[in-house]
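Contents: one structure, followed by commentary.
Structure, rendered in structure tokens:
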């Protein structure tokens, strides 16, 4: 009304403007610093790039991408093109169905492919390096494939029937809605499910026999599954078991029985299987397949409540379930025990279990997509950071493991793999995996690159990387520290390194590096530490507490300002992250505890190692502002220490930040990896 006094927002707006201006000035300063420094490394960068491209052409290009078999047809993707070949034919005769460029997405890569049961439709998600969200394109296959529908901001999708597709949408890093869309004569789309709890993330999975589509709603500690009967895809989803705090479960189906992988009951050992997308830098395919499970149980489809769950198989203590595949008469469990990988084949016909130890060099599994659950062979790939993927097959008929030869890929013979145990502060034994050149002499003089993560119950990524093999060839030692907070030794291993136990992961990392030096693997002045995303918490904390243990640190999109980030509830991940870090807003003890280890909060004048950080201007997961302030504070502390001490030969660390305008959080594409 006329004469009404309007409340002033001048102070609030001034504060926002000042904050934005400070951010822009810091960013501009760091970009100028990087532009001045980067030419120093031009010759080295050129040499490394040429070597990495040579290794990529030699190993990765020859290893081939996973194949999807449908009867006589085999589909696969290479260099942004979708190919169709006949199962018994030479893949040189494969037909190109379409390419990413054909669809008008020249800067995107293919993230996920799903083919309808009758092979008339193909759904493909495309993602660019600059976005967290993917676009789903549905193609009608034929002599000339046609774009049938384009759906923006899609995370997961599955075919419930020949012409019925279910999909989840992603907004602000959250997936909470499930939609159904049809491609019948009367096309329509409708909302099927909505998750109300902000801590939970929804995605979709199809059982191996394609009988059920599962809607999986998961937090970091709890899950709930709803079933869509693929024979009646328009009916409402049915609940398997209502969510119970601390119980995670995943559903498969065979002969009217639900097979349930679960943490229900004790002990509960688990590992997270993550591909396709990221949670703090960790790849995520189906969030429902968070394999935090130690037991295989079963229940009738008609009465699936937990009171009807019957035990089928329980894992031994400290044995990790890495992956699981269901077939018509058998199921295969991929297991990890004391760092070694195994296959357990459970026969539902003979009620027997056969255990097969896999090659000692193997650190990672990758199952090949194989929709036909009646097959007599299971295909998968094994790799390590320095061993390119090798293809293997397990034959149910022959009851044996077969190594598949692939296009004369050179065999890595000069690398030695060692597994160690370091005794932490509380006497806990912490596993370390070490790789070095067999021909290296005087290992104490060799440079050492240590890797750490230690969060979310996730194992360190130990898949093949060209740069790791290059370092081995140049006489580096590589060490992977499987500290608490990660998932290497089960649910207890994660619990012992999260929330009020986070310092245990730091103690573990210190013990691992100390043991490596004691055993003659390098020495502090030749030791570097690498971490990405949430791994930056432990790496940054070690820089504050034990800077003399390492000479250099390399961080990619690091989480270094835990306290301030967890105090900002407007950020998209803060609420769901409370199960990992705690809630400092409501718990004063939690606030003090986070403050005790948070890298940013504990910077002080001392001799720091050199630090190189890569950050992304538009990173939605790790706010750039926190990294900018961290670098400024770290550089000031290092300079303050130098100015206060006048020792001869005083060493000033290089503290460098490369802020990339393109790319998203810890992007894993080959081109991005090469630039990094």
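In our numbering, the protein residues as written are -6 to 669.
Ideal Cβ placement from N, Cα and C applies to all residues, glycine included.
Beta-carbon proximity list for residue i, same chain, < 6 Å, skipping 5 on both sides
i: residue 459; result: 45, 48, 49
i: residue 478; result: 447, 448, 490, 491, 498
i: residue 569; result: 192
i: residue 106; result: 117
i: residue 418; result: 500
i: residue 510; result: 516
Spatially closest choice to residue i from the options, by CA coordinates
i: residue 95; options: 137, 536, 85; result: 137
i: residue 688; options: 465, 423, 454; result: Coverage of the chain is limited to positions -6 through 669, which leaves residue 688 absent and any answer about it impossible.
i: residue 372; options: 596, 239, 16, 393; result: 393
i: residue 604; options: 160, 646, 73; result: 646
i: residue 129; options: 112, 135, 140, 147; result: 147
i: residue 428; options: 112, 412, 539; result: 412
i: residue 240; options: 288, 328, 227; result: 288
i: residue 522; options: 545, 249, 63, 12; result: 545
i: residue 192; options: 236, 126, 244, 199; result: 236
i: residue 347; options: 354, 619, 339; result: 339
i: residue 21; options: 454, 617, 64; result: 617
i: residue 51; options: 149, 93, 463; result: 463
i: residue 623; options: 552, 101, 581, 668; result: 552
i: residue 181; options: 210, 190, 141; result: 141
i: residue 685; options: 493, 452, 417; result: Residue 685 is absent from the structure shown; the chain starts at -6 and stops at 669.
i: residue 368; options: 322, 602, 656, 313; result: 322
i: residue 169; options: 161, 176, 175; result: 161
i: residue 397; options: 405, 374, 120, 110; result: 374
i: residue 109; options: 34, 87, 86, 61; result: 61
i: residue 461; options: 452, 473, 495, 450; result: 473
i: residue 231; options: 209, 238, 248; result: 209
i: residue 360; options: 326, 185, 233; result: 326
i: residue 307; options: 390, 328, 438, 175; result: 328
i: residue 395; options: 469, 350, 177, 468; result: 350
i: residue 143; options: 175, 112, 153, 155; result: 175
i: residue 248; options: 229, 238, 292; result: 292
i: residue 667; options: 33, 38, 563, 28; result: 38
Supposed close pair residue i, residue j - CB separation, criterion 8 Å
i: residue 652; j: residue 610; result: 6 Å
i: residue 183; j: residue 172; result: 7 Å
i: residue 297; j: residue 251; result: 5 Å
i: residue 457; j: residue 376; result: 4 Å
i: residue 476; j: residue 531; result: 7 Å
i: residue 578; j: residue 560; result: 6 Å
i: residue 434; j: residue 409; result: Not confirmed; about 13 Å, so no contact.
i: residue 621; j: residue 19; result: 4 Å
i: residue 619; j: residue 554; result: 3 Å
i: residue 113; j: residue 72; result: Actually they are not in contact, since the Cβ atoms of residue 113 and residue 72 sit about 25 Å apart, beyond 8 Å.
Nonlocal neighbours in the same chain, by C-beta distance under 8 Å from residue i, ignoring five residues either side
i: residue 4; result: At residue 4 the pLDDT is 47, less than 50, meaning the model places this residue with poor confidence and gives no usable figure here.
i: residue 260; result: Its pLDDT being 45, under 50, residue 260 is placed unreliably by the model, and the measurement read from it follows with that caveat. Around residue 260: 287, 310, 483, 484, 485.
i: residue 507; result: 415, 542
Neighbourhood of residue i by C-beta, 7 Å cutoff - its chain only, sequence neighbours within 5 removed
i: residue 258; result: 288
i: residue 290; result: 253, 255, 302, 303, 304, 305
i: residue 634; result: 598, 599, 600
i: residue 566; result: 166, 614
i: residue 541; result: 517
i: residue 25; result: none
i: residue 98; result: 119
Proximity of residue i and residue j at Cβ, strictly below 8 Å
i: residue 505; j: residue 423; result: yes
i: residue 116; j: residue 103; result: no
i: residue 30; j: residue 649; result: yes
i: residue 200; j: residue 244; result: yes
i: residue 471; j: residue 503; result: no
i: residue 356; j: residue 426; result: yes
i: residue 206; j: residue 151; result: yes
i: residue 149; j: residue 196; result: yes
i: residue 588; j: residue 556; result: yes
i: residue 69; j: residue 76; result: yes
i: residue 93; j: residue 80; result: no
i: residue 134; j: residue 127; result: no
i: residue 226; j: residue 294; result: no
i: residue 590; j: residue 453; result: no
i: residue 527; j: residue 445; result: no
i: residue 16; j: residue 202; result: no
Are the stretch 505 to 517 and the stretch 566 to 580 in contact at 8 Å, needing three or more beta carbon pairs? no
Is the stretch 332 to 340 touching the stretch 482 to 493, taking contact as three or more C-beta pairs under 8 Å? no
For the stretch 215 to 229 and the stretch 585 to 599, state whether three or more C-beta atom pairs, one from each stretch, are separated by less than 8 Å. no
Indicate whether the contact test is met: 3 or more Cβ pairs, each with one atom in the stretch 220 to 230 and one in the stretch 370 to 388, closer than 8 Å. no
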